[in-house]
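Here's the structure, in structure tokens; my notes come after.
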DNA sequence: TAAGAACTTGTACTCCGTTCAGTTTTAGGT
DNA sequence: ACCTAAAACTGAACGGAGTACAAGTTCTTA
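Residue numbers (our numbering), protein chains in the order written: chain A, 1 to 212; chain B, 213 to 424.
Here it is in structure tokens:
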């Protein structure tokens, strides 16, 4: 099992793992990032539907077949998480507060991950509104992580009532989703945190006792 | 604007509108239903991905082009609502309780529409689990109706705080979704109503004050 | 019943996603 | 340093989704 180690490789940017990573994996990650950033650039310029997978592959210096060996679909290149990001999400999940009641633990988790989420939002929201075809895959940007969350939840409350547990998770996701929708990327990130916090607090307190 | 009138046409089945409908619209509706039921039959037999649009069109005695003039995509043929059903949804929306607070009105609405929803669920859930490619379009079966719901909500609370209103709607949808997931179509419909009711009540009361 | 609107059809096209056989690149033991 | 096996890349070909369009057919209405 590889261990996180600082790296000063020529690929630059982030990437904390590496020394134990071997040329093979290092190249693979580099290729992944090249393809993805090329894709985001082209799509950002021309719009999602106006860029074909071939365009992306060509511009990234790679074959169409290779593109599909890295990304399961054209949409995936927009929504898939960088391995580094995945590590961060996993970390947050593992270091999660176990002393708090479920809802508060989820809130804490959400606030921890919100800044990370906020980084992806401006681009994704821009793409979403200009390319209706993407609506389906989106659902926040955290949706891709829902399976892992669900598994974590199962580990945390193995004996809990299934329906009720699912409800807690779904409601929390709905709250976060609402905050995502409401946040304008031009506003500061603090505003986003505020929205996430508000939505989770309101939902946690109950929506029945509300104005109107 | 057409008015609902009983009909004894040869197309059989439901269909309450008609006398004021003219041959043109009547044929169109008949074609819609033929295509859709053919599609559901084939897909039910062979699975979603194993049936091509051409198969459906051929079996329904219609051209591929015509199929796409009725349904925007292959997925749409599974999830689109029959015009009759749309009328029922609209009716329920218009006759909605205005004397209750928002959350209770939504709960009432959900319980009114739940039986109608339950009719669609067995087939859709079966298709969903056997065809992973469909997950995206699904989101309950009510998702297709969300825009209208949202508009209704806007009419009802024009002055309300945007975020909070959106949160109420999203949370209610999450609760219903949870009930949909939890319900096994082998169970009686009453059980589904119970689940919807429970989920909405729990979410309405607040999830923070929960076990674990 | 004739003009015109609405609906249907076949054809041709682009693009997504998959398969596969053949080549190049890397890892690791000798 | 070299050889082999595994892994990654590539081009070609294919099937299906979805769109565009021109030509044909069927209903409406005046």
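Note that the Cβ used here is the ideal one computed from N, Cα and C, for glycine as well.
Integer-rounded CB distance, given that residue 182 of chain A should sit under 8 Å from residue 374 of chain B: Numbered from its first residue, the second chain carries residue 374 of chain B at position 162. Numbered from its first residue, the first chain carries residue 182 of chain A at position 182. 7 Å between Cβ atoms; contact.
Taking 9 Å as the threshold (beta carbon to beta carbon), is residue 101 of chain A in contact with chain B? Taking the first chain and counting its residues from 1, the one referred to as residue 101 of chain A is at position 101. Answer yes: the Cβ-Cβ gap between residue 101 of chain A and chain B drops below 9 Å somewhere.
Residue 326 of chain B: buried (16+ other C-beta within 10 angstroms of its C-beta) or exposed? Start at 1 with the first residue of the second chain, and residue 326 of chain B comes out as number 114. Counting the other Cβ atoms within 10 Å of the Cβ of residue 326 of chain B gives 16 or more, which makes it buried.
Please classify residue 395 of chain B: does DSSP put it in a helix, a strand, or coil? Taking the first residue of the second chain as position 1, residue 395 of chain B is located at position 183. Assignment of residue 395 of chain B by DSSP, reduced to helix, strand and coil, places it in the coil class.
Which word fits residue 72 of chain A, buried or exposed, when buried means at least 16 other C-beta atoms lie within 10 angstroms of its C-beta? Position 72 of the first chain holds residue 72 of chain A. It counts as exposed.
Where does residue 27 of chain A land, buried or exposed, given buried means 16+ other C-beta within 10 angstroms? Stepping through the first chain from its first residue, residue 27 of chain A is reached at position 27. With fewer than 16 other Cβ atoms within 10 Å, it is exposed.
Is there a Cβ from chain B that is less than 9 Å from the Cβ of residue 166 of chain A? Along the first chain, read from residue 1 onward, the residue named residue 166 of chain A stands at position 166. It does: the Cβ of residue 166 of chain A has a partner Cβ on chain B nearer than 9 Å.
Any beta carbon of chain B sitting closer than 9 Å to that of residue 8 of chain A? Counting from one through the first chain, the residue named residue 8 of chain A turns up at place 8. Reliability of the predicted coordinates at residue 8 of chain A is poor, the pLDDT of 32 falling under 50, and no value is obtained from them.
So, using beta-carbon positions, are residue 104 of chain A and residue 420 of chain B closer together than 9 Å? On the first chain, position 104 is the one that residue 104 of chain A refers to. On the second chain, position 208 is the one that residue 420 of chain B refers to. The answer is yes: Cβ separation under 9 Å.
May I have the straight-line CA-CA distance separating residue 202 of chain A from residue 102 of chain A, to the nearest angstrom? Taking the first residue of the first chain as position 1, residue 202 of chain A is located at position 202. Taking the first residue of the first chain as position 1, residue 102 of chain A is located at position 102. For the pair residue 202 of chain A and residue 102 of chain A, the Cα-to-Cα distance works out to about 16 Å.
Taking 9 Å as the CB-CB limit, is residue 114 of chain A close to chain B? For the purposes of this step, residue 114 of chain A is identified with residue 114 of the first chain, where counting begins at 1. Not one chain B Cβ lies under 9 Å of residue 114 of chain A.
Could you work out which residue in A:143, A:85 and A:132 is closest to residue 49 of chain A when comparing CA atoms only? The residue given as residue 49 of chain A occupies position 49 in the first chain. For residue 49 of chain A, the nearest C-alpha among the options comes from A:132.
Note down, one range per segment and in chain order, each alpha helix (DSSP H) of at least 4 residues found wholly within the stretch 360 to 407 of chain B. Whole alpha helix (DSSP H) segments, 4+ residues: 374 to 394.
Complete alpha helix (DSSP H) runs within the stretch 46 to 70 of chain A (minimum length 4 residues, chain order): If we require 4 residues or more, the alpha helix (DSSP H) runs fully inside the stretch 46 to 70 of chain A come out as 53 to 59 and 64 to 70.
When every heavy atom of the ligand PLP is checked, does at least one fall within less than 8 Å of the C-beta of residue 355 of chain B? For the ligand PLP, the structure offers nothing, since it holds no ligand at all.
Going by DSSP, what residue range makes up the alpha helix (DSSP H) through residue 291 of chain B? Taking the first residue of the second chain as 1, we reach residue 291 of chain B at position 79. Where residue 291 of chain B is concerned, the enclosing alpha helix (DSSP H) starts and stops at 288 to 291.
Measure the C-alpha to C-alpha separation of residue 258 of chain B and residue 33 of chain A and round it to an integer number of angstroms. Reading the second chain from its first residue, position 46 is the one you call residue 258 of chain B. Reading the first chain from its first residue, position 33 is the one you call residue 33 of chain A. Approximately 39 Å, taken between the alpha carbons.
Neighbour flag for residue 96 of chain A against chain B, beta carbons, 9 Å: On the first chain, residue 96 of chain A is found 96 positions in, with the first residue counted as 1. It does not; no Cβ of chain B falls within 9 Å.
For residue 91 of chain A, is the classification buried or exposed, using 16 other Cβ atoms within 10 angstroms of its Cβ as the cut-off for buried? By 1-based counting over the first chain, the position of residue 91 of chain A is 91. With a threshold of 16 other beta carbon atoms within 10 Å, residue 91 of chain A falls short and is exposed.
Residue 222 of chain B by DSSP, collapsed to three states: which one? Locating residue 222 of chain B in the second chain gives position 10, where the first residue counts as 1. Its pLDDT being 32, under 50, residue 222 of chain B is placed unreliably by the model, and nothing is read from it.
Checking contacts by CB at 9 Å: is residue 77 of chain A closer than that to chain B? Within the first chain, the letter at position 77 stands for residue 77 of chain A. Residue contact with chain B for residue 77 of chain A: absent (no Cβ-Cβ distance below 9 Å to any residue of chain B).
Rounded straight-line distance, which links the Cα of residue 35 of chain A to that of residue 89 of chain A: The sequence position of residue 89 of chain A within the first chain is 89, counting from 1. The sequence position of residue 35 of chain A within the first chain is 35, counting from 1. Distance between the alpha carbons of residue 89 of chain A and residue 35 of chain A: 22 Å.
Taking a Cβ distance cut-off of 8 Å, strictly less, list which residues of the stretch 37 to 60 of chain A are near chain B, in chain order. Residues of the stretch 37 to 60 of chain A that bring their beta carbon within less than 8 Å of a beta carbon in chain B are absent altogether.
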